[in-house]
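Reviewing the structure listed below.
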Amino acid sequence: SSYPTWKVFDVYLPPSTSIEYKFIKKDGSGNVTWESGGNHSYTTPASGTGSVTNTWGTAKGNTDDPRENEIAALPEQFNLYQNYPNPFNPETFIAYDVPRGETVAVRLVIYNAMGQIVRTLVAAERGPGAYRVRWDGRNDLGESVTAGVYLYRFTAGDFASEKKLLILR
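Residue numbers (the working numbering): 464 to 632.
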């Protein structure tokens, strides 16, 4: 039959958490297609519970087959990714992973070439998942920073990683 098969995923987030997400479609050959257009965004309420419902495309196959969920699986390890775009102007995105079974204090901080803190992007407890943060090229005072090389450092529990980025003006 040609009836669509829908999957429902429950994701639990702390109050006042903002997320961005996008849907994927995986065919029987394992090919993945990302939903076109921009990301969806959702912010959980300050108290109580909230929900969001979106639909995109159709899925075929047995929804009880765990192989269909492999892309949505939680990360296996901490990871910090190279920002994109890089170099950038006026904004860039930095992604990081917190692995399954972990809830840790996370810090994502931008430093200048002299090692001074320019902007703290994340200073919060995070549970397992893949995260993406936007940096608008401004410091903690809201001022645009000068062009040049900057360092961003991600710490989560005992894990630490850093990478360089370049702002063009």
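Heads up, the beta-carbon is just placed ideally off N, CA and C, and yes, glycines get one too. It should be emphasised that the depicted structure is a prediction, and the values quoted were computed from it without experimental measurement.
When DSSP labels each residue in this structure, what does residue i get in the three-state scheme?
{"i": "R582", "result": "strand"}
{"i": "A623", "result": "strand"}
{"i": "R601", "result": "strand"}
{"i": "E606", "result": "coil"}
{"i": "L631", "result": "coil"}
{"i": "D527", "result": "Residue confidence is low: D527 scores 44 on pLDDT, short of 50, so the model does not pin down where it sits. No coordinate-derived value is stated."}
{"i": "A587", "result": "strand"}
Based on the DSSP output, what are the partners of residue i in its beta bridges?
{"i": "D560", "result": "N542 and A593"}
{"i": "L537", "result": "L537 is not bridged to any residue."}
{"i": "T618", "result": "R570 and A623"}
For residue i versus residue j, is the C-beta distance shorter than 9 angstroms?
{"i": "S624", "j": "L543", "result": "yes"}
{"i": "A587", "j": "G620", "result": "no"}
{"i": "E565", "j": "G590", "result": "yes"}
{"i": "V596", "j": "L584", "result": "yes"}
{"i": "A558", "j": "Y615", "result": "no"}
{"i": "T609", "j": "I580", "result": "no"}
Hey, is residue i close to the ligand ATP, as in C-beta under 8 angstroms from one of its heavy atoms?
{"i": "V569", "result": "Among the ligands in the structure shown, none appear at all, so the ligand ATP cannot be discussed."}
9 angstroms is my cut-off, CB to CB: does residue i come that close to chain D?
{"i": "V608", "result": "Absent from the structure is chain D; it holds one protein chain and no more."}
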